[in-house]
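Beneath this line is the structure, given in structure tokens, with notes to follow.
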Amino acid sequence: MKLLIACLATETNTFSPMPTGQLAFESVMVTREATKSTANLFTAPLHEWRCMAEDRGWEVVESLSAAAQPAGNTVRAVYEAFRDEILADIEKHQPDVLLMSMHGAMVADGYDDCEGDMMSRARAIMGPDKVIGLELDPHNHLTRAMLDNATLIINFKEYPHVDAPERARELFVMAADAAEGKTKPVMRTHDCRMLTIIETMKEPAKTYVQAMKDAEGKDGVLSVSLTHGFPWADVADVGAKTLVIADGNADKAASAAKDFADKLWDIREGLRMNYPDIPAALDIVDAATEFPVTLADMGDNAGGGAPADSTFFLQEIVKRGAKDIAHGVFWDPVLVTMCQDAGVGARMRVRLGGKICKESGDAVDLEVTVRAIRENMTQKLGESDMPMGTGVWLDADGVHLVVSSVRTQNFSPSVYTDLGINIDEMRALIPKSTNHFYQNFERISPQVIHVRTPGTVTPDMTIIPFTKRDGNFWPKVENPFN
Ligand SMILES: [Zn+2]
């Protein structure tokens with residue numbers, strides 16, 4: 268058997284003003300040797316696939332791996348060049364099995380569905396019988412073109428996405444079985460008519476994930492996935508869907524997909540997002556007796572395509588004169604360079620945040636001390652190392668701000684501690700993240716609170732200005748099945 272592996276991943280916030288171009292990919296990853304480097308979220312599957320294939324004595328061909336931090340639309344020529352490089356490798360090597368790690372919500376100028384486009388072109392080269400397996404982030408759009416052209420699609424089950432390697436191993440086994448003629452996988456989906464943020468480490472989603480796992484390997488069901496959907500994308504297919512792969516039995520796959528869609532509908536009240544706003548969240552800190560309290564700045568999550576430079580929390584902190592707070596990561600490569608020039612210990616005036624778009628709010632002028640600078644910082648997300656470039660700790664008289672040269676969300680309190688901030692002395696930690704921060708902060712915080720902050724990734728699903736899909740989804744309407 269010959270296996271070809273590749274990765275092309277970004278999540279596109281079509282409402283974000285920042286284009287995703289060549290530099291955006293190069294600052295994260297463009298390589299033809301991903302399995303020779305440390306695994307990140309989207310290359311971890313390639314590491315697993317290479318290992319498992321080599322164990323079986325398969326020939327492994329590694330093509331391009333490219334990933335960019337989520338932002339606005341991908342530049343058309345950049346997408347087409349990456350796509351065409353992978354397709355040229357498929358054409359040249361004629362693999363029996365193609366396994367790809369993609370995000371599933373990549374939009375380029377002229378392409379609302381990059382993954383579907385990639386799959387249909389790969390299928391055209393490989394012919395109808397070869398196996399194509401696709402591993403996706405659950406914040407995907409699961410389009411017809413993906414389903415019609417891939418043999419097998421599997422989503423990460425967990426959000427935070429700590430299970431990419433585990434899902435990769437499952438996909439490999441399913442692909443190998445199909446390639447060896449042991450199974451005939453068939454995929455069916457069901458539209459849940461829902462759009463919400465599903466935190467799988469909490470109930471009721473935790474039990475739902477377990478139910479998906481429990482259904483696998485029984486009654487001919489090979490795999491059950493839930494597409495949460497990526498809400499900040501104006502595309503026709505945005506929304507939650509279930510996906511079931513069964514062995515040779517389309518009716519079984521369809522009925523199981525419907526069952527799991529019904530199950531999701533049944534737990535919707537537990538998934539309804541009732542988050543406090545910024546003043547209410549800071550009041551919770553004032554009333555707390557155990558510290559540090561973690562408050563998530565959800566609306567400015569770089570992982571959802573936001574600039575990571577919004578100032579709504581900072582403005583309120585300054586207004587209240589609050590102290591002993593660590594906040595960030597703010598993306599500002601220019602300010603990082605200025606701090607590097609000034610050096611540790613420098614006292615300087617800075618204008619922080621609010622620079623990329625009006626959704627980031629106004630810039631805040633502060634007098635700060637540069638307390639630490641550290642290059643090549645990374646953060647852990649599950650087993651993966653996520654890059655943040657050079658980090659700077661700015662102390663605005665008790666408000667401790669972390670600024671980075673690479674735009675990233677805050678996955679771990681290590682961004683504070685690696686710079687020397689003593690989090691035990693903090694009353695509050697305020698990461699910019701929707702949910703990926705959760706596991707690492709929950710370990711060190713007596714209270715973890717998601718906060719409904721403004722920004723380009725607002726958690727209020729009812730106000731996202733879609734033009735390409737209808738508004739017939741929960742919670743925008745209470746019953747979309749009427
Ligand atoms: Zn995701």
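Residue numbers are given in the working numbering: position 357 of the sequence shown equals residue 624, and the series is strictly consecutive.
Every residue gets a Cβ at the ideal spot worked out from N, C-alpha and C, and that includes glycine.
- Those residues placing their Cβ nearer than 5 Å to any heavy atom of ligand 1 are, following chain order, D404, H406.
- At a Cβ-Cβ threshold of 8 Å, Y683 and L668 do not count as neighbours.
- Taking G288 as the centre and dropping the five residues before and after it, the same chain places the C-beta of V342, V345 closer than 6 Å to its C-beta, in chain order.
- Its chain contains V596, P698, K699, S700, F704 as the residues whose beta carbon lies nearer than 6 Å to that of N677, once the 5 sequence neighbours on both sides are disregarded; these appear in chain order.
- Inclusion of V603 and V637 in the CB contact set at 8 Å is not warranted, their separation being larger than that value.
- Counting along the chain, M653 sits inside no alpha helix (DSSP H); it lies in the beta strand (DSSP E) bounded by residues 651-663.
- With 16 or more other CB atoms across the displayed protein chains lying within 10 angstroms of its CB, K424 is buried.
- Between the segment 397-404 and the segment 363-371, the count of C-beta pairs closer than 8 Å reaches three or more; the two stretches touch.
- In this structure, R674 and M565 do not form a Cβ contact; the two beta carbons are roughly 16 Å apart against a cut-off of 8 Å.
- In this structure, T723 keeps its C-beta atom at 8 Å or more from the C-beta atom of E642.
- For E329, the pairing in a beta bridge is given by DSSP as I272.
- Linking P546 to T410 through their CA atoms gives a straight-line distance of about 40 Å.
- The beta-carbon separation of V398 and A446, rounded to 5 Å, stays under the 8 Å limit for a contact.
- A589 and G487 have their C-alpha atoms roughly 58 Å apart.
- Assignment of E466 by DSSP, reduced to helix, strand and coil, places it in the coil class.
- Note: T341 is bridge-paired with T287, A375 in the DSSP secondary-structure output.
- For E634, the uninterrupted beta strand (DSSP E) run begins and ends at 631-648, by DSSP.
- Assigned with DSSP and collapsed to three states, L668 falls in strand.
- Check the Cα spacing between G570 and each of R460, A311, A335, S330: the tightest is with A335.
- The C-alpha of S681 lies about 9 Å from the C-alpha of N707.
- For K469, the closest alpha carbon among the candidates K508, I534, R460, T509 is that of I534.
- Going by beta carbons, E315 and P432 fall inside the 8 Å limit.
- Short of 6 Å from the beta carbon of A320, and not among the five residues preceding or following it, lie these beta carbons of its own chain, in chain order: L270, V327.
- Annotation note: the segment 347-397 contains the following uninterrupted alpha helix (DSSP H) runs of length 4 or greater, listed N- to C-terminal: 381-393.
- Taking every protein chain shown into account, the CB of K451 has fewer than 16 other CB atoms within 10 angstroms, so this residue is exposed.
- Between the C-alpha atoms of M693 and V670 there is a straight-line separation of about 18 Å.
- F678 carries a coil assignment under DSSP once its states are collapsed to helix, strand and coil.
- For R614, the uninterrupted beta strand (DSSP E) segment begins and ends at 614-619.
- Between the segment 551-562 and the segment 708-716, the count of Cβ pairs shorter than 8 Å is three or higher; the stretches touch.
- The DSSP-derived three-state label of A334 is strand.
- Beta-bridge partners assigned by DSSP to F597: V670.
- Judged by DSSP secondary structure, D481 falls outside any beta strand (DSSP E) and instead within the alpha helix (DSSP H) spanning 472-482.
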